[in-house]
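Worksheet: one structure, shown below.
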Amino acid sequence: MPRRKSTRPPLFPPVSPLCELELIRAFYDAAESQRLYEQLLQQNAWPDNHYCVDGRVFELPRQQTWHADPGIRYSYSNNLLQTRDWTPLLSAIRERIESHLNYRFNSVLVNLYRDGNDYVGWHSDDEEELGDQPLIASLTLGASRPFAWQHKDSQEEGQLPIDSGTLLVMRPAFQRHWFHSIPRDPSIREGRINLTFRRVIPLE
Ligand SMILES: O=C(O)CCC(=O)C(=O)O
Ligand SMILES: [Mn+2]
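No gaps in the numbering here: position 35 of the sequence shown is 36 in the numbering used here, and each next residue is one more.
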């Protein structure tokens, strides 16, 4: 959901986002991360990043694909993106993350930031379909980019560089209290692929 002003009373003291984030560096080592980045870049059927919403053409500042188990729908993504099957490569990555975290995911959003001009704006992943305890595992391959956060009430901000091969686990309270973004930085020339594994709860 995009950033909107919070209506909740402020929390004092604001909790540190670092309590709600787990950073697993070198979840894949440098060589493996590079190999996965190149394979995904070549194998993934990246769509055009122009979409039509309510008759208006909209350009996403990155490229995205959405893959999910049969029957899983996610309204934000389904408005913009078709649901695709898992590829063998995406399934292998999912299995490795699931066995490490002992947690099951039924979908993944794959983002390609072609260079530092691509970005994702402030938002939190708190759609109804993710339930009230959304745990999201985010794998980064390719260029290192800062991951930024902002508290929904106090507006406190911070950021951390996320290197290739890092698995960032966002625990449920992170989405409740913080927005996050990958800021635009035109000085970055290399591409980056990020995979956010999610568990969508069927609404019906
Ligand atoms: O690219 C990233 O590290 C974050 C992507 C993200 O926040 C999202 O897809 O919801
Ligand atoms: Mn997100």
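Just so you know, even glycine gets a beta-carbon here, dropped at the ideal spot from N, CA and C. These figures come from a predicted structure and were not determined experimentally.
Euclidean distance between Cα positions of residue i and residue j
i      : j      : result
Asn50  : Gln134 : 30 Å
Cys20  : Val201 : 23 Å
Pro187 : Leu142 : 19 Å
Asp119 : Ala93  : 27 Å
Asn103 : Ala31  : 24 Å
Ala214 : Leu81  : For the chain, the structure presents residues 2 to 205; residue 214 sits outside this window and is missing.
Phe1   : Arg85  : The chain is shown only over 2 to 205; residue 1 falls outside these bounds and no answer can be derived.
Ile163 : Trp179 : 18 Å
As assigned by DSSP and simplified to three states, the class of residue i
i      : result
Tyr114 : strand
Phe175 : helix
Leu161 : strand
Ser188 : coil
Span of the beta strand (DSSP E), counted from its first residue to its last, around residue i
i      : result
Glu23  : 22-25
Gln65  : 64-69
Pro203 : No beta strand (DSSP E) contains Pro203, which DSSP labels as neither H nor E.
Short Cβ contact (7 Å threshold) for residue i with residue j
i      : j      : result
Leu131 : Leu168 : no
Trp123 : Arg4   : yes
Asp127 : Met2   : yes
Gln138 : Ile189 : As written in the sequence, residue 138 is Ala, which differs from the Gln given in the question. Against a cut-off of 7 Å, the Cβ pair of Ile189 and Ala138 comes out as no contact.
Leu90  : Gln40  : yes
Presumed contact (8 Å Cβ cut-off) between residue i and residue j, rounded CB distance
i      : j     : result
Leu113 : Gln64 : 4 Å
Range of the contiguous alpha helix (DSSP H) that encloses residue i
i      : result
Ala215 : In the structure displayed, the chain extends from 2 to 205; residue 215 sits before or after that span and is not available.
Pro89  : 89-102
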